[in-house]
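For the sequence shown, position 231 (counting from the first letter as 1) is numbered 231 according to the UniProt record's numbering, and the numbering increases by one without interruption.
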Amino acid sequence: MALPIALFSSSSGDFRPQDFVKTILQVSELPKPKTISEDIKSYDWHFETKYYSTTVELCTTENRTIGNQEFAESVEAFIHYFDPNLPSSFEQTQAWLPYLKHIEPDVLLLVCKTSKHSDAICRRVTQEWCIQNGFELVELQPEINPEDEEDDFPETTGMARVIQALHAHTWPNLSMKSSPTIQSPYLRQMMKEQHLANQQLTAATFDSSCINTTCQLSPTILSKETPHEDTNYSETGHAVNKVNNSLNGCDVDLNDSGATSCKPEEDILKIDEIDWKTLLGKDAKIDEDMPLTDNDVGVEEFEQLFMKLKVMKDRAENLPAEERKKYAEKVAISFWKAIGGDEDEIEGLGDSD
């Protein structure tokens, strides 16, 4: 199986396709490339995230091409650099569209140094073109907006955003890690809550013996016993019931097989056991104006949820001031509900809608 490909090109003499690869590989001089064709050079990139590891081919080209059939089918991402001060550079960018229809990459990034309203290809035109053609605009040196400095969730920019987008993609050859560590306290709490929900829905079997601190519970005994419930509060202000079944002097933790074992309370549920849609989708108010759907809620997608702020902010920039304010309220409310925020704290927001 051929490695998946991220294809880099440029229509500016100030930034070459190889400059992307140097930054991603963190080298000042590129290693000797593999030659895929006369126009295409390739460099292997192995990387790991919290959830998976994979190897991708970073390919550069100086000319518009789709290579051979195998190459075209392997391209998963296309990243192009252009100069918004040169109309010819933008025209060369547009000339890639017929080729991309054959390649159909999932990740499309249009990169420039800075996109300004005073450019020959102004920021509004660039953003509209990106939206129409499925690209994300990435600025290597974006202008500093005073409002952005007060943003609680600043967007990732520059080459860091390019790498972030590549990390976020689901590469076909990725190898999932069996038990990634969850660092977020909120995620850990959600996993515990889901674990308790699973306990209540699981028909467990019971055996009267407890050998080597491993016990079996029967549905009959489980239904008759009333577990001791200890209530405390999570960071979001919601009460969380911690169910401690004490048996022979040990805390009993129910696992998927119906067996229970003495485990410390800090043990957490494995990622594969989490019903993310139940946790995140049941209370979230999602409408057609919000780029959040049930399909967005997954293992990798959750911690990358805030990446979508980039798309939202780009859309908001083209709205009138009053509509932009309402849109911002919808975004804030949807995110607040998605993380289980207390509705009393946002009461009154969005009433005008």
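Don't be surprised by glycine CBs; every beta carbon is placed ideally from N, CA and C.
Counting only the same chain and skipping the five closest in sequence on each side, list residues whose C-beta sits under 6 Å from that of residue i.
i	result
A120	N85, P87
A316	R324, Y327
V27	none
Use the C-beta contact count for residue i: other C-beta atoms within 10 angstroms, 16 or more gives buried, fewer gives exposed.
i	result
R123	buried
T49	exposed
L166	buried
N68	exposed
L58	buried
V21	buried
I271	Any reading at I271 needs caution, since the residue's pLDDT is 43, under 50, leaving its predicted position unreliable; the model's value is listed next. Flag for I271 reads buried.
S37	exposed
V162	buried
S178	exposed
E322	exposed
I333	buried
E288	Interpretation of E288 is limited by its pLDDT of 41, a score under 50 that renders its predicted location unreliable; the figure taken from the coordinates is listed afterwards. E288 is exposed by the Cβ-count criterion.
According to DSSP, which residues form a beta bridge with residue i?
i	result
Y43	L58
residue 385	Only positions 1 to 353 of the chain appear in this structure, which leaves residue 385 out of reach.
V138	V111
T35	K41
Y51	BP columns for Y51 are empty, so no partner.
S175	S53
V75	I5
Along the chain, where does the alpha helix (DSSP H) containing residue i start, and where does it finish?
i	result
I163	158-168
L100	97-103
I131	123-133
S118	S118 -> no alpha helix (DSSP H), and no H or E assigned at all.
E91	87-94
How far does the beta strand (DSSP E) with residue i in it reach, from first residue to last?
i	result
E27	In the sequence under discussion, the amino acid at residue 27 is Val, which differs from the Glu named in the question. Note, V27: premise wrong, no beta strand (DSSP E); not H, not E.
Of the choices the options, whose alpha-carbon is the least far from that of residue i?
i	options	result
D44	A332, L25, K101, R16	L25
F82	P4, S10, L108, L3	S10
K313	F78, A72, W171, L137	L137
T126	Q94, P105, C59, T23	Q94
E104	F78, H117, H46, A2	F78
K101	T54, A160, N133, L174	N133
F90	C112, L30, E193	C112
A2	V331, M176, T55	T55
D14	H117, E73, I66, L140	L140
L97	E70, S118, I66	I66
M159	H117, S12, T23	T23
M176	S12, F47, E329	F47
N173	K34, Y52, E193	Y52
Beta-carbon within less than 7 Å of residue i's beta-carbon, same chain only, minus the 5 sequence neighbours each way: which residues are those?
i	result
C130	L110, E136, L137
T61	L7, S9, P17, D39, I40
T226	Residue placement at T226 is poorly supported in this model, since its pLDDT is 45, which falls under 50; the coordinates still yield a value, given next. Answer for T226: no residue qualifies.
N63	D39
L319	Y327
P142	T114, T157
Using 8 Å as the limit for Cβ to Cβ distance, is residue i near chain D?
i	result
L196	Considering every chain present, this structure includes no chain D. It has just one protein chain.
Among the residues of its own chain, which have a CB less than 8 Å from the CB of residue i, if the five just before and after it don't count?
i	result
V107	A6, E76, A77, F78, I79, A165, L166, H169
S74	A2, L3, P4, I5, E57
L30	Q18, V21, K22, Y43
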